[in-house]
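Since the structure comes first, as structure tokens, the remarks are kept for the end.
Numbering (this note's numbering), first residue to last: 2 to 347.
As structure tokens, this is what we get:
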């Protein structure tokens, strides 16, 4: 990735002649799903009844595990896991404040760079394009925010799983690009401890968010094997997830980039509209605030983190495949396996 500054402007100028702003469609809303997007696959998940009114009752999966409706904390995580995220264009787009590394990365994608990530990374828009869609100015602009497609748009009851991939989720070199040396050192030490305590360092990935989960980051990370197993054992989910996870792995390999702290987001719609096909599973690669390539780091450093990401994806794919082969748990077993969470999980 190139240094932030003039390059960002050049990227947008190069793209200006060939970007067409898609007009807002008043008929489209979150309750009227669009046609299946790239990366979606039909999955035979039994539709679940919606609770009456606005009762916050977590639905039960077919295995009996409490998987719950998507909560705002998890949906925020769907585009990077930071605060200040807003819905735009009737929920089609997430407006996310982020650092210059991620802003420039999405500008490069819009300009046609990193084509291997097409259909894997979310489609993004400029602030002006989003304003043309919904008529609002929003909280910032292209110098402070990114505007990315919401993976769960069109889903009535999305169940979300956010997996941070890689044995190490922080790079000293990359942290220095967006913060002071003291702040980078503090974050590096904190993330190194988190990677060890949550199992990322040995497993190669960890869950950082999932619909219906409670407890802190450490508690969620420690429960990763069971979280992934219960999620993937729902009928048909593993079969739909696997080809998309493999596609993410192959796209990341081909891109030549190092993904540090990036996440794989998995969304399942448990309540498709009446008369529509069975629910869909969508998988995407998100959170590029610490992504870099050989233009900003040496080839040896890039290869080190590429290998860690690749190994984490291999392990995740193997675990999902094993969960799918095991089949659904007996009704009630998932709920019985849930561990209590307490203040010590943070």
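Where is the CB? At the ideal position from N, CA and C, for every residue including glycine.
Count the other CB atoms, across all protein chains shown, that sit within 10 Å of the CB of residue 245; report buried if there are 16 or more and exposed otherwise.
Position 244 of the chain shown, counted from the start, is the residue given in the question as residue 245. Burial call: buried.
Where does residue 96 sit, in a helix, a strand or coil, going by DSSP?
If you number the chain shown from 1, residue 96 lands on position 95. Here residue 96 sits in strand by DSSP.
For residue 189, tell me which candidate among 316, 229, 291 has the shortest Cα-Cα distance.
Position 188 of the chain shown, counting from 1, holds the residue named residue 189. The candidate whose alpha carbon is nearest that of residue 189 is 291.
Hey, how far is the Cα of residue 320 from the Cα of residue 263?
Within the chain shown, the letter at position 319 stands for residue 320. Within the chain shown, the letter at position 262 stands for residue 263. Going by the C-alpha atoms only, they are around 19 Å apart.
For residue 318, which three-state DSSP category applies?
In the chain shown, the residue the question calls residue 318 occupies position 317. Residue 318: helix per DSSP, three-state reduction.
At what residues does the alpha helix (DSSP H) containing residue 228 begin and finish?
As a working note, residue 228 is residue 227 in the chain shown. 225-233 is the extent of the alpha helix (DSSP H) around residue 228.
Expressed to the nearest angstrom, what Euclidean distance is found between the alpha-carbon atoms of residue 132 and residue 138?
If you number the chain shown from 1, residue 132 lands on position 131. If you number the chain shown from 1, residue 138 lands on position 137. So the two alpha carbons sit approximately 6 Å from each other.
Check whether the Cβ of residue 103 sits closer than 8 Å to any heavy atom of the ligand NAD, and report yes or no.
Annotation note on the ligand NAD: not contained in the displayed structure, which lists no ligands.
Taking Cβ positions, are residue 91 and residue 135 nearer each other than 9 Å?
For the purposes of this step, residue 91 is identified with residue 90 of the chain shown, where counting begins at 1. For the purposes of this step, residue 135 is identified with residue 134 of the chain shown, where counting begins at 1. For residue 91 and residue 135, yes; Cβs fall inside 9 Å.
Identify the continuous alpha helix (DSSP H) that holds residue 128 and give its terminal residues.
The sequence position of residue 128 within the chain shown is 127, counting from 1. First-last of the alpha helix (DSSP H) with residue 128: 128-135.
Could you check how far apart the C-beta atoms of residue 110 and residue 256 are, in whole angstroms? I think they sit under 8 Å.
On the chain shown, position 109 is the one that residue 110 refers to. On the chain shown, position 255 is the one that residue 256 refers to. Wrong, their Cβ atoms sit about 11 Å apart, outside the cutoff.
In this structure, how does DSSP classify residue 86 when only helix, strand and coil are distinguished?
As a working note, residue 86 is residue 85 in the chain shown. Three-state DSSP puts residue 86 in coil, outside helix and strand.
Quick one, which of 224, 94, 329, 102 has its alpha-carbon nearest residue 125's?
The residue labelled residue 125 in the question sits at position 124 within the chain shown. Checked all of 224, 94, 329, 102; the closest Cα to residue 125 is 94.
So what does DSSP say about residue 292, is it helix, strand or coil?
As a first step, residue 292 is located in the chain shown; it is residue number 291 there, counting from the start. Three-state result, residue 292: strand.
Taking C-alpha atoms, which residue in 160, 164, 87 lies nearest to residue 288?
In the chain shown, residue 288 corresponds to position 287, counting from 1. Cα-wise, what sits closest to residue 288 is 164.
Who are the Cβ neighbours of residue 77 in its own chain at under 6 Å, not counting the five residues just before and after it?
Walking along the chain shown from the start, residue 77 turns up at place 76. At residue 77, the pLDDT of 48 sits below 50, so the modelled position is not reliable; the number obtained from the coordinates is stated separately. Contacts found: 86.
Confirm, please, whether the CB-CB distance from residue 172 to residue 310 is below 9 Å.
Counting from one through the chain shown, the residue named residue 310 turns up at place 309. Counting from one through the chain shown, the residue named residue 172 turns up at place 171. Going by C-beta atoms, residue 310 is not nearer than 9 Å to residue 172.
Kindly indicate which three-state DSSP category residue 327 falls into: helix, strand or coil?
Numbered from 1 along the chain shown, position 326 holds the residue referred to as residue 327. Helix at residue 327.
Could you check how far apart the C-beta atoms of residue 160 and residue 212 are, in whole angstroms? I think they sit under 8 Å.
Along the chain shown, one-based indexing puts residue 160 at 159. Along the chain shown, one-based indexing puts residue 212 at 211. Residue 160 to residue 212, Cβ: 5 Å. Contact.
Using three-state DSSP, classify residue 259 as helix, strand or coil.
Your numbering for residue 259 matches position 258 in the chain shown. Of the three classes helix, strand and coil, the one that applies to residue 259 here is strand, per DSSP.
Is residue 205 closer than 9 Å to residue 223 when the C-beta atoms are compared?
Counting from one through the chain shown, the residue named residue 223 turns up at place 222. Counting from one through the chain shown, the residue named residue 205 turns up at place 204. The answer is no: Cβ separation not under 9 Å.
Note down the Cα distance separating residue 179 from residue 197, rounded to an integer number of angstroms.
As a working note, residue 179 is residue 178 in the chain shown. As a working note, residue 197 is residue 196 in the chain shown. Straight-line Cα distance between these residues: approximately 24 Å.
Can you give me the Cβ contacts of residue 316 inside the same chain, cut-off strictly under 8 Å, excluding the 5 residues immediately before and after it?
Position 315 of the chain shown, counted from the start, is the residue given in the question as residue 316. Correct list, in chain order: 204, 205, 206.
The alpha helix (DSSP H) with residue 270 in it runs from where to where?
In the chain shown, counting from the first residue as 1, residue 270 sits at position 269. Residue 270 -> not in any alpha helix (DSSP H); beta strand (DSSP E) instead, spanning 264-270.
So which of 195, 318, 115 has the shortest CA-CA distance to residue 265?
The count along the chain shown starts at 1 and reaches residue 265 at position 264. Here the closest residue by C-alpha is 318.
Based on Cα-Cα distance, which residue from 326, 302, 123, 113 lies nearest to residue 148?
Residue numbering aside, residue 148 sits at position 147 when the chain shown is read from its first letter. The shortest Cα separation from residue 148 among 326, 302, 123, 113 belongs to 123.
To the nearest whole angstrom, what separates the beta carbons of residue 284 and residue 314, a pair I think is in contact under 8 Å?
In the chain shown, the residue the question calls residue 284 occupies position 283. In the chain shown, the residue the question calls residue 314 occupies position 313. About 11 Å; that fails the 8 Å criterion.
Run through the DSSP bridge pairs and tell me what residue 210 is partnered with.
Here residue 210 is taken as the residue at index 209 of the chain shown, counted from 1. Answer by DSSP bridge pairing, in chain order: 163.
Quick one: Cα of residue 129 to Cα of residue 112, how far?
Here residue 129 refers to the residue found at position 128 of the chain shown. Here residue 112 refers to the residue found at position 111 of the chain shown. When rounded, the distance between both Cα atoms is 16 Å.
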